[in-house]
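Letter by letter, the sequence shown follows residues 524 to 593 of our numbering. Note that the Cβ used here is the ideal one computed from N, Cα and C, for glycine as well.
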Amino acid sequence: MASPTWGQLSPEARQAAEPVVPPTAEGPRPAAAPPRYTISTVKATVHLSQPVEGDAAGRSRAIEKISIGV
524 MASPTWGQLS PEARQAAEPV VPPTAEGPRP AAAPPRYTIS TVKATVHLSQ PVEGDAAGRS
584 RAIEKISIGV
């Protein structure tokens, strides 16, 4: 079973998503780390995969994990 992609989320969900930048021992998370977004209206955190080469909008990134109510 394939993971859903960021582009398969509704436009409303993608627009409501806010980036999460958790601190690390060295400071902010490195830019190369996979992005995470929180969608506060549903209290969800979405963990995305690394971008696919040539996908500037990031729509083909797989959703690796969704944490609900966290």
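The beta strand (DSSP E) enclosing residue i, as first and last residue numbers
i    : result
R559 : R559 to I562
P542 : E541 to V543
Neighbour-count burial assignment, residue i, 16 or more Cβ in a 10 Å radius
i    : result
P534 : exposed
P611 : In this structure the chain extends from 524 to 593, so residue 611 is not present and cannot be described.
Identity of the residues DSSP links to residue i by a beta bridge
i    : result
S590 : T568
Three-state secondary structure assigned by DSSP to residue i
i    : result
A536 : helix
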